[in-house]
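Enquirer: Provided herewith is a single structure, encoded as structure tokens, for subsequent inquiry.
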Amino acid sequence: MKIGVLISRILLGLLFFIFGLNDFLNFIPVPPMPPSDGLTFATILMTHHYMAFVGGLMVIAGALLLVGRFVPLALVILGPILVNILLYHFLLNQSGAIIGIVATLLEVFLIWAYRLSFRGLFDAAPEVS
Numbered sequence: 711m712k713i714g715v716l717i718s719r720i721l722l723g724l725l726f727f728i729f730g731l732n733d734f735l736n737f738i739p740v741p742p743m744p745p746s747d748g749l750t751f752a753t754i755l756m757t758h759h760y761m762a763f764v765g766g767l768m769v770i771a772g773a774l775l776l777v778g779r780f781v782p783l784a785l786v787i788l789g790p791i792l793v794n795i796l797l798y799h800f801l802l803n804q805s806g807a808i809i810g811i812v813a814t815l816l817e818v819f820l821i822w823a824y825r826l827s828f829r830g831l832f833d834a835a836p837e838v839s
């Protein structure tokens with residue numbers, strides 16, 4: 711079990727760290743997209759530097775996963791990013807959805823492995839300090 715968690719954590723961390731850095735350094739060429747609503751949406755996000763913010767979050771969360779510290783925090787940061795990746799690929803641009811599905815499966819496995827760290831999120835009446 712520990713080996714599976716380590717492999718999943720490293721794979722997910724590398725995936726988001728590398729693709730997050732690519733938002734800043736552009737070392738992986740992105741093929742041109744055909745004209746579509748997905749292209750319009752992506753253009754708006756890039757033009758207004760929203761993707762730079764998301765890329766920064768991806769780098770931070772990926773680094774946390776690679777280092778193995780604050781893993782539950784990294785998983786919480788990546789959750790909404792993965793939802794947006796899946797929604798983008800399912801609704802606007804169907805190509806490349808397999809990477810998002812694999813990343814989501816890795817995320818769900820890691821959330822299950824670190825489930826004890828998420829106990830407080832499911833308290834019906836949490837205590838206030």
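Numbering of the sequence shown is given in the working numbering, commencing with residue 711 and proceeding in unit increments. Think of the CB as a built atom: it goes at the ideal place given N, C-alpha and C, for glycine as much as any other residue. Given the structure is predicted, the values throughout are model-derived calculations rather than measurements.
1. What's the gap between the Cα of Thr-750 and the Cα of Met-711?
2. According to DSSP, is Asp-733 helix, strand or coil?
3. Leaving out the 5 sequence neighbours to the left and right, which residues in its chain are closer than 6 Å to Met-743 when beta-carbon positions are compared?
4. Would DSSP call Gly-778 helix, strand or coil?
5. On the three-state DSSP scale, how would you describe Ala-856?
6. What do you get for Leu-831, buried or exposed, if any count of 16 or more other CB atoms within 10 angstroms of its CB means buried?
7. Classify Gly-810: buried if its beta carbon has 16 or more other beta carbons within 10 angstroms, exposed otherwise.
8. Can you tell me whether Ala-762 is buried or exposed? The criterion is at least 16 other CB atoms within 10 Å of its CB, across all chains shown.
9. Using 9 Å as the threshold, is the C-beta distance between Phe-726 and Val-769 below it?
10. So, under 8 Å CB-CB, Asp-733 and Gly-772 are touching, yes? Tell me the CB distance rounded to an integer number of Å.
11. Would you call Gly-714 buried or exposed, if buried means 16 or more other Cβ atoms sit within 10 Å of its Cβ?
Expert: Once the coordinates are examined:
1. Answer to the nearest angstrom: the Cα atoms are 43 Å apart.
2. Three-state result, Asp-733: helix.
3. Result list for Met-743: Leu-749, in chain order.
4. In the three-state DSSP reduction, Gly-778 falls in the coil class, being neither helix nor strand.
5. Look at the range of the chain in this structure, 711 to 839, and you will see that residue 856 is not part of it.
6. Per the 10 Å Cβ criterion, exposed.
7. Classification for Gly-810: buried.
8. Ala-762 is exposed by the Cβ-count criterion.
9. Yes.
10. Contact flag wrong, Cβ pair sits at about 12 Å.
11. Its Cβ having fewer than 16 others within 10 Å, Gly-714 is exposed.
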